[in-house]
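Novice: Top line first, the protein sequences correspond to chains F, D, U and E.
Here our numbering runs 2 ahead of the position in the first sequence, where the first position is 1.
Here our numbering runs 2 ahead of the position in the second sequence, where the first position is 1.
Here our numbering runs 2 ahead of the position in the third sequence, where the first position is 1.
Here our numbering runs 2 ahead of the position in the fourth sequence, where the first position is 1.
Protein chains: 4
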Amino acid sequence: MLIVMESQTSQEKIQKVIEFIKLKGFDAHVSNGENHTLIGCVGRKVIDKRDIELLSGVKEVIRISSPYKLVSRVFQPDDTVIEVNGVKFGGEHVGMIAGPCSVETLEQVDETAKQLSEAGVKILRGGAFKPRTSPYAFQGLGEEGLKILRQVADKYNMAVTSEIMEVGHIPMFLKYVDILQVGARNMQNFNLLKKLGEINKPVLLKRGLSATIEEWLMSAEYIMAGGNREVILCERGIRTFEHITRNTLDISAIPVVQKMSHLPVIVDPSHATGLRDKVAPMSKAALAAGANGLIIEVHNNPDCALCDGAQSLNPEEFSYLYKDLQALVGVLKKQF
Amino acid sequence: MLIVMESQTSQEKIQKVIEFIKLKGFDAHVSNGENHTLIGCVGRKVIDKRDIELLSGVKEVIRISSPYKLVSRVFQPDDTVIEVNGVKFGGEHVGMIAGPCSVETLEQVDETAKQLSEAGVKILRGGAFKPRTSPYAFQGLGEEGLKILRQVADKYNMAVTSEIMEVGHIPMFLKYVDILQVGARNMQNFNLLKKLGEINKPVLLKRGLSATIEEWLMSAEYIMAGGNREVILCERGIRTFEHITRNTLDISAIPVVQKMSHLPVIVDPSHATGLRDKVAPMSKAALAAGANGLIIEVHNNPDCALCDGAQSLNPEEFSYLYKDLQALVGVLKKQF
Amino acid sequence: MLIVMESQTSQEKIQKVIEFIKLKGFDAHVSNGENHTLIGCVGRKVIDKRDIELLSGVKEVIRISSPYKLVSRVFQPDDTVIEVNGVKFGGEHVGMIAGPCSVETLEQVDETAKQLSEAGVKILRGGAFKPRTSPYAFQGLGEEGLKILRQVADKYNMAVTSEIMEVGHIPMFLKYVDILQVGARNMQNFNLLKKLGEINKPVLLKRGLSATIEEWLMSAEYIMAGGNREVILCERGIRTFEHITRNTLDISAIPVVQKMSHLPVIVDPSHATGLRDKVAPMSKAALAAGANGLIIEVHNNPDCALCDGAQSLNPEEFSYLYKDLQALVGVLKKQF
Amino acid sequence: MLIVMESQTSQEKIQKVIEFIKLKGFDAHVSNGENHTLIGCVGRKVIDKRDIELLSGVKEVIRISSPYKLVSRVFQPDDTVIEVNGVKFGGEHVGMIAGPCSVETLEQVDETAKQLSEAGVKILRGGAFKPRTSPYAFQGLGEEGLKILRQVADKYNMAVTSEIMEVGHIPMFLKYVDILQVGARNMQNFNLLKKLGEINKPVLLKRGLSATIEEWLMSAEYIMAGGNREVILCERGIRTFEHITRNTLDISAIPVVQKMSHLPVIVDPSHATGLRDKVAPMSKAALAAGANGLIIEVHNNPDCALCDGAQSLNPEEFSYLYKDLQALVGVLKKQF
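#1: Classify ALA288 of chain E as helix, strand or coil using the three-state DSSP reduction.
#2: Taking the beta carbon of SER12 of chain E as the centre, do at least 16 other beta carbons fall within 10 Å, making it buried, or is it exposed?
#3: Can you give me the Cβ contacts of ARG187 of chain D inside the same chain, cut-off strictly under 6 angstroms, excluding the 5 residues immediately before and after it?
#4: Closer than 8 angstroms by C-beta to VAL205 of chain U: which residues in its own chain qualify, once you throw out the five before and the five after it? Chain order, please.
#5: Is PHE338 of chain F close to chain U? Criterion is C-beta to C-beta, closer than 9 angstroms.
#6: Going along chain U in order, which residues have a C-beta closer than 8 angstroms to the C-beta of LYS280 of chain F?
#7: I want to know whether the segment 235–247 of chain E touches the segment 300–308 of chain E - three or more CB-CB distances under 8 angstroms.
#8: How many Å lie between ASN159 of chain F and GLU85 of chain F at the Cα?
#9: In the DSSP output, which residue or residues are listed as bridge partners for SER74 of chain E?
#10: Do we get a CB-CB distance below 9 angstroms when we pair GLU299 of chain D with the residues of chain F?
#11: So what's ASP29 of chain E in DSSP terms, helix, strand or just coil?
#12: For PRO133 of chain U and chain E, any beta-carbon pair shorter than 9 angstroms?
#13: Answer with yes or no whether the minimum CB distance from ILE64 of chain U to chain D is below 9 angstroms.
#14: Would you call the segment 45–64 of chain F and the segment 16–28 of chain F in contact, with 3 or more CB pairs under 8 angstroms?
#15: Are ILE297 of chain E and ILE150 of chain E closer than 9 angstroms when you measure CB to CB?
#16: Closer than 7 angstroms by C-beta to ALA274 of chain F: which residues in its own chain qualify, once you throw out the five before and the five after it? Chain order, please.
#17: Hey, is GLN110 of chain U's beta-carbon within less than 9 angstroms of any beta-carbon in chain E?
#18: Could you tell me whether any Cβ in chain B is nearer than 9 angstroms to the Cβ of LEU25 of chain U?
#19: Is LYS61 of chain D near SER9 of chain D, with beta carbons less than 9 angstroms apart?
#20: Closest Cβ-Cβ distance between CYS309 of chain D and chain F: below 9 angstroms?
#21: Since ALA307 of chain D is in the alpha helix (DSSP H), which residue starts that stretch and which ends it?
#22: GLU168 of chain U touches chain E at which residues, Cβ-Cβ below 7 angstroms?
#23: Tell me whether HIS171 of chain U sits in a helix, a strand or coil according to DSSP, three-state version.
#24: Rounded C-beta distance between VAL6 of chain E and ILE64 of chain E? I'm assuming under 8 angstroms.
#25: GLY332 of chain F CB to nearest chain U CB: under 9 angstroms?
#26: Among the candidates E:TYR324, E:ILE166, E:LYS336 and E:ARG75, whose CA atom is the shortest distance from the CA of GLU120 of chain E?
#27: What are the start and end residues of the alpha helix (DSSP H) that includes GLN153 of chain U?
#28: Considering only C-alpha positions, which residue in the set E:PRO257, E:VAL267 and E:ALA307 is nearest to LYS286 of chain D?
#29: Please classify ASN249 of chain U: does DSSP put it in a helix, a strand, or coil?
#30: What residue range is occupied by the uninterrupted alpha helix (DSSP H) comprising PHE192 of chain F?
#31: Using a Cβ cut-off of 9 angstroms (strictly closer), state whether TYR138 of chain U contacts chain E.
#32: Give the straight-line distance between the Cα atoms of ALA222 of chain D and PHE192 of chain U, rounded to the nearest whole angstrom.
#33: Would you be able to state if there are at least three C-beta pairs under 8 angstroms between the segment 111–119 of chain U and the segment 134–142 of chain U?
#34: Would you list, in chain order, the members of the segment 262–289 of chain D that have their beta-carbon closer than 9 angstroms to a beta-carbon of chain F?
#35: Decide if LYS157 of chain D is buried, meaning its Cβ has at least 16 other Cβ atoms within 10 Å, or exposed.
#36: Measuring alpha carbon to alpha carbon, tell me which of E:ILE201, E:GLY276, E:TYR178 and E:MET220 ends up nearest GLN190 of chain E.
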């Protein structure tokens, strides 16, 4: 951390700042510039830089070391590649996850999974516990939904990912699910993240609605700090002033994250736009930008979906898109 | 719900839309305008309007009834007034809550509470479970913190509010705390909200970092739908592109909420700005805008606070501000 | 326009609303629903819907007809294709524009243009009048810069685009420039837009920093309303809370605009990210999302650029990228 | 400027950075910390810090000196007080400006001004050239509007402020207007700002829709750099994701600006919210937060206003509010 003093600050004020940071457990290194005195703070303590900024004579405080460690490229220069059911996420590998927004019935999931499986998809998504804005909307089938997912996935040799919303549900999820998904609204549910750090299955961590990339990586750090090294990041759109699309897909987050972190980052074009006819162009854009995978909503009968049918493809539309994506991936020198 | 068809849509397309909404359980009322055919949808079902917007020939779908019921002025025209330890929030009453960001030691809380109590404050705030962005930052004392708060509050005849982060902690909080606070990051932790709907104590619901006012009211609806009618809303700043302040206090949210809902709305000027010297002007602005109360961070020794000292007042500064606010409230024809 | 009355509104209030809209020059068509009375407003006048929303008993006012006409697909269903120097923007055609941020010297522009021309680029960009945040930063060479651009472009058989900032400069620009560019900061400089509606050359209209897609189209409408039908829209990133990238490229704006309007839309990956190493992935993403072209900053010596060198490619990097893009465009069934 | 090198950077890379900044005209001061080598850059040149950040081994570049000079408290510690027609803005003085959004007719302006004058207002606002989103909306009366404003203002001994949109209009405005207003959409119309720096009348500079506070101050710097020291800043709401209000009034910008700059800052509650019934609470909040004045839309017959009637008060409502504000200002130890 580096403290920049205002120009022409008195020696007395500089001294007070030095005393303050020593009190907080840091060493101080003073250097006098032409206009500004700089004070370097060295130490391993955590301090809120605003505390120093409020001291008299201080112009600015600059944090130098990154707040995250385990997720950074400094800690691990090479790409993390996570493999689930033969599908790889990371490096040159692009993984595909698809399935309905919500689990509604065995028939619905079976029919959707059958067609996805035929199209080559090996990881099935589906929500059993649904975070809905309205208390009066369909809230998901709960454990029954997880059972359906497992049963169908086993039938078609698929793996399963589903969203977990509560610490108490972890043991239940471990019984049925291969990748535990943390939704945007729970990206900073720190108690949940800590506990997911202690499990042995991959976690798919969605970016919060208005989370900065740094906060998102800090949430991944929570999971990794617990010992779980398998985190797949998922960009799913951020909230901006533009309201035609449900959210704004932050496409540049992909290369930004990949420069800062070794973790794979995938894209959810369905939630990012909220509009079915935008899923194909956004899927292509995501791969072209270097995404390590996609998670796409597919429903056997979108018009009758209990949740987010408007952003779901039907299996045929998906199958058609998937072929386009495979051609695209070839040109990009990546592989599904 | 009202469906606006595109101009010159064929009868066939109009018919398909009518069939679709009937299939979904609604009645259809068609009205032909000069340029557009309108189809009114009547029924009690929940439907995603995007599902209809994707049908051929549909220009726009307009939701007419509000998604929230119990929190609205239609349901209850008169202001809800919530009383805790003799302090009233709502109507012409302005309530004050103050205390440290985090509970650190018995001495710290005791010294702070003593001075707040002398200044006239009757509700003490303090964090025992802290949602911190970094896994390496101070995470709070846990239950030990709640015990300290209770012990000190009893000594000075104060009530206590503290933030709850997990469903499993509700019984513990009910033992020690008078108002259960839901933080910005948990505003859409729907499982937690549902369970808080079943308790008999007031809930202080902070607005999420990027939550719209409507989403915030929907989260209050979750609590009220469970039977708990005592919800205090708290505006604490939203995330924008401006980075000098930690967040942007959405001051106009106060009269907007008060027009839409009967629930009291208070302001947290400490988190809204993140800067100690902005707490006084923002507190005054909040009351002038009509806020039903304030929650302010006060620490007996802000420079040594383990969390957010930069935005905490010391008890003297608070006491001075409180007197200013009392004068202000008189002119505004309100009362503490 | 459609007026939704609150449930259980008195006949008297409904009557007052009807009188008000008649006074404003509209016809009123009343229709009584189960819960709400609806009043359809028919007429050609412009009215601010908030004026009606403030009337007693009014719940909501819904605008039905689009505010823009000439730019919409309703007015012209087929894609507009704009051709400049043999390069086509629109439909299946993808156009490329490249060149330095600022014109600095004849040598700089000549060297850059020579290499771009060899790589196949036929439209040269370069700023002569620069909108700089600081009055102390390099402001551009002015007319001298335009002369340099023209001279160099003629030498290599290229067309020229450059940014215009002031109505009074139009005659000067018409002498030197083939496409007149309106920058993000002038997207709502309506006087400028009106005058650009009267010229016979294409206008490249950048999206404002925080402009909605609808506002952007309205600015294009200003130009088209004056008679100029050749408008190329350019997405260049919007302002959000994320600060690692200079702006957030709104990639989904591409298919959204293409559905609403017949005008071509291109992408500026250099300004959208502000980071050289993000230009390649964002260029690919833009084309994959369906963009009708790109405008890329290239400088013969980025490290010595007087402006935005950090986001400029050198000619070799550009040439390498251009080849990648040509391969990509083939898979996407488009053509440069 | 301070360059932070990555930990364990080679001497060779450090040397290359030093050479680069020397080439750019800066002196380099190297200091070796425990983890990081720091390089201080000293010089008066302007450089884009991203240029340095792209060099190999550089972790971060930190700008130390403020980009603005004349507007800062360092340049002038004491508040600037600007007086127009006996009304003072700045320091303990609070100024009031009121009038219609648009000049429509002589009668309208006369009737409004008469009542405002009786209420004690001494500065009349009114738009003659209107920046309208739609080319089909009322665009203002032009010079005729300015003449009406002048004529009416003279009759009631008032000063006049009106919005200027084009460099070419400056001589015309100087004939009729006492304060030249720059609208939000022109906050970065740098050519206009430069020319306004050369006039001898105060400029009222509105904050851009998505302008940071620093950018806003930089635009004021443009005016001051030309020699004009009389700039009144005006906060009028910023664009966020919240859409119930037209914009989000950034109330904390007031104390933030007042700490950074000596210039007076006033608030426009009418445009900030876009809703008539929010003007009173936001006016009070603005003064309570320390604003140096207000600019409020008042129309003699808001229901018939050609522009923004929805956010205009009628003269009676204004008069009532003005009395409330006078009582409030007394408690705040300020004076109209």
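Glycine is no exception: its CB is placed at the ideal position from the N, C-alpha and C atoms.
Specialist: Taking the structure as given:
#1: Locating residue 288 of chain E in the fourth sequence gives position 286, counting from the first residue. Of the three classes helix, strand and coil, the one that applies to ALA288 of chain E here is helix, per DSSP.
#2: On the fourth sequence, position 10 is the one that residue 12 of chain E refers to. SER12 of chain E should be labelled exposed.
#3: Here residue 187 of chain D refers to the residue found at position 185 when the second sequence is read from its first residue. Excluding sequence neighbours, ARG187 of chain D sits near PRO133.
#4: By 1-based counting over the third sequence, the position of residue 205 of chain U is 203. Excluding positions up to five away in sequence, the list reads ILE181, LEU182, GLN183, VAL184, LEU198, ILE225, ASN230, GLU232, VAL233 and ILE234.
#5: Here residue 338 of chain F refers to the residue found at position 336 when the first sequence is read from its first residue. PHE338 of chain F has a beta carbon lying at 9 angstroms or more from every beta carbon in chain U.
#6: Along the first sequence, read from residue 1 onward, the residue named residue 280 of chain F stands at position 278. What LYS280 of chain F touches in chain U: SER254, PRO257 and VAL258.
#7: With the cut-off at 8 angstroms, the segment 235–247 of chain E and the segment 300–308 of chain E do not touch.
#8: Sequence index remark: in the first sequence, residue 159 of chain F carries index 157 (1-based). Sequence index remark: in the first sequence, residue 85 of chain F carries index 83 (1-based). Just so you know, the alpha carbons of ASN159 of chain F and GLU85 of chain F end up roughly 15 angstroms apart.
#9: Within the fourth sequence, numbered from 1, the residue matching residue 74 of chain E stands at position 72. For SER74 of chain E, which the question treats as bridged, DSSP gives the partners E:SER263.
#10: Against the second sequence, residue 299 of chain D aligns to sequence position 297. Cβ-Cβ to chain F under 9 angstroms: no for GLU299 of chain D.
#11: The sequence position of residue 29 of chain E within the fourth sequence is 27, counting from 1. When DSSP states are grouped into helix, strand and coil, ASP29 of chain E belongs to the strand group.
#12: Locating residue 133 of chain U in the third sequence gives position 131, where the first residue counts as 1. At least one beta carbon of chain E lies nearer than 9 angstroms to the beta carbon of PRO133 of chain U.
#13: Translated into the one-based positions of the third sequence, residue 64 of chain U becomes position 62. ILE64 of chain U counts as touching chain D.
#14: Per the Cβ contact rule, the segment 45–64 of chain F is in contact with the segment 16–28 of chain F (3 or more Cβ pairs under 8 angstroms).
#15: Working through the fourth sequence from its first residue, we reach residue 297 of chain E at position 295. Working through the fourth sequence from its first residue, we reach residue 150 of chain E at position 148. Their beta carbons are not under 9 angstroms apart, which means ILE297 of chain E does not touch ILE150 of chain E by this criterion.
#16: Stepping through the first sequence from its first residue, residue 274 of chain F is reached at position 272. Here the set comprises ARG238, GLY239, ASN249, LEU251 and MET284.
#17: As a position in the third sequence, residue 110 of chain U is number 108, starting the count at 1. So no, GLN110 of chain U is outside the interface.
#18: Any reference to chain B falls outside this structure, whose protein chains are F, D, U and E.
#19: Here residue 61 of chain D is taken as the residue at index 59 of the second sequence, counted from 1. Here residue 9 of chain D is taken as the residue at index 7 of the second sequence, counted from 1. The Cβ atoms of LYS61 of chain D and SER9 of chain D sit closer than 9 angstroms to each other.
#20: Along the second sequence, read from residue 1 onward, the residue named residue 309 of chain D stands at position 307. Yes, CYS309 of chain D counts as interfacial toward chain F.
#21: In the second sequence, the residue the question calls residue 307 of chain D occupies position 305. Judged by DSSP secondary structure, ALA307 of chain D falls outside any alpha helix (DSSP H); it is assigned neither H nor E.
#22: The count along the third sequence starts at 1 and reaches residue 168 of chain U at position 166. Under a criterion of Cβ atoms nearer than 7 angstroms, the residues of chain E adjacent to GLU168 of chain U are, in order, VAL169 and ASN193.
#23: If you number the third sequence from 1, residue 171 of chain U lands on position 169. Three-state DSSP puts HIS171 of chain U in a helix.
#24: For the purposes of this step, residue 6 of chain E is taken as the residue at position 4 of the fourth sequence. For the purposes of this step, residue 64 of chain E is taken as the residue at position 62 of the fourth sequence. Taking 8 angstroms as the upper bound for CB-CB distance, VAL6 of chain E and ILE64 of chain E are in contact here, some 7 angstroms apart.
#25: Locating residue 332 of chain F in the first sequence gives position 330, counting from the first residue. Residue contact with chain U for GLY332 of chain F: present (Cβ-Cβ distance below 9 angstroms to some residue of chain U).
#26: Position 118 of the fourth sequence, counted from the first residue, corresponds to residue 120 of chain E. GLU120 of chain E has its Cα closest to that of E:TYR324, out of E:TYR324, E:ILE166, E:LYS336 and E:ARG75.
#27: Taking the first residue of the third sequence as position 1, residue 153 of chain U is located at position 151. Where GLN153 of chain U is concerned, the enclosing alpha helix (DSSP H) stretches over 145–157.
#28: Numbered from 1 along the second sequence, position 284 holds the residue referred to as residue 286 of chain D. Ranking the options by Cα distance to LYS286 of chain D, first place goes to E:PRO257.
#29: Mapped onto the third sequence, residue 249 of chain U falls at position 247. The three-state secondary structure of ASN249 of chain U, taken from DSSP, is coil.
#30: As a working mapping, residue 192 of chain F is identified with position 190 in the first sequence. Counting along the chain, the alpha helix (DSSP H) containing PHE192 of chain F begins and ends at 192–198.
#31: Position 136 of the third sequence, counting from 1, holds the residue named residue 138 of chain U. For TYR138 of chain U, the nearest CB of chain E lies under 9 angstroms from its own CB, placing it at the interface with that chain.
#32: Taking the second sequence and counting its residues from 1, one reaches residue 222 of chain D at position 220. Taking the third sequence and counting its residues from 1, one reaches residue 192 of chain U at position 190. In a straight line, the C-alpha of ALA222 of chain D is about 43 angstroms away from that of PHE192 of chain U.
#33: For the pair of segments examined, the segment 134–142 of chain U was found not to touch the segment 111–119 of chain U: the number of CB pairs separated by less than 8 angstroms stays below three.
#34: Within the segment 262–289 of chain D, those residues whose Cβ lies closer than 9 angstroms to any Cβ of chain F are, in chain order, GLY276, LEU277, ARG278 and ASP279.
#35: Mapped onto the second sequence, residue 157 of chain D falls at position 155. Under this definition LYS157 of chain D is an exposed residue.
#36: As a working note, residue 190 of chain E is residue 188 in the fourth sequence. From the listed residues E:ILE201, E:GLY276, E:TYR178 and E:MET220, the smallest Cα separation to GLN190 of chain E is found for E:MET220.
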